[in-house]
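Trainee: In terms of the working numbering, the sequence shown opens at residue 6 and continues consecutively. Pasting a structure below so you can have a look.
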Amino acid sequence: MARRGAGRLERGETLRTVLSGQSAQLSGRRDLAGPKVERSNRLREEAAEAVSRGQTAKRPARAPRAMDRPPLPPAPLRLPDADVLLRRALGDKAGGRAVGRLDEAARAFP
Numbered sequence: 006m007a008r009r010g011a012g013r014l015e016r017g018e019t020l021r022t023v024l025s026g027q028s029a030q031l032s033g034r035r036d037l038a039g040p041k042v043e044r045s046n047r048l049r050e051e052a053a054e055a056v057s058r059g060q061t062a063k064r065p066a067r068a069p070r071a072m073d074r075p076p077l078p079p080a081p082l083r084l085p086d087a088d089v090l091l092r093r094a095l096g097d098k099a100g101g102r103a104v105g106r107l108d109e110a111a112r113a114f115p
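Laid out in structure tokens, this is it:
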């Protein structure tokens, strides 16, 4: 058997060191029933308390449906900008000329 940095050991040497600390006596099992039962009872009691707490609280009332709610107040209407609409419809060059003619006409009729 080889270990890093320890050189080679014979099989008998390793077994002797391991077995030297052991005895041939059987060890008895510890009794774990006492604390385990106590813990499980406490867990059951806490779970029962949590369930009872959960049942006492009432659920909040549902929000009214969308149809039952009052409508939003009417928003102020914003008229479309003539410059933008004409440029979109006619293109930049022709739309710009049309906007200029509209401005001239508006100045002519106060």
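No residue lacks a Cβ here, since even glycine has one placed at the ideal position from N, Cα and C.
Is any non-hydrogen atom of the ligand NAD found closer than 6 angstroms to the C-beta of Ala99, if you look at the structure I gave you?
Mentor: Because no ligand of any kind appears in the structure shown, any question about the ligand NAD cannot be addressed here.
Trainee: Check whether the stretch 96–104 and the stretch 77–86 are in contact - that is, three or more C-beta pairs closer than 8 angstroms.
Mentor: Taking 8 angstroms as the limit for Cβ pairs, the verdict is that the stretch 77–86 does not touch the stretch 96–104.
Trainee: Check Arg58 in the structure and name its three-state DSSP category.
Mentor: Taking the sequence shown and counting its residues from 1, one reaches residue 58 at position 53. Arg58 falls in the helix class under three-state DSSP.
Trainee: What is the DSSP secondary structure of Ser28, counted as helix, strand or coil?
Mentor: Locating residue 28 in the sequence shown gives position 23, where the first residue counts as 1. It is coil, neither helix nor strand.
Trainee: Nearest-angstrom Cα distance between Arg92 and Pro115?
Mentor: Along the sequence shown, read from residue 1 onward, the residue named residue 92 stands at position 87. Along the sequence shown, read from residue 1 onward, the residue named residue 115 stands at position 110. Going by the C-alpha atoms only, they are around 25 angstroms apart.
Trainee: Using three-state DSSP, classify Ala113 as helix, strand or coil.
Mentor: Taking the first residue of the sequence shown as 1, we reach residue 113 at position 108. Ala113: helix per DSSP, three-state reduction.
Trainee: With DSSP run on the structure shown, which of helix, strand or coil describes Arg67?
Mentor: Along the sequence shown, one-based indexing puts residue 67 at 62. Of the three classes helix, strand and coil, the one that applies to Arg67 here is coil, per DSSP.
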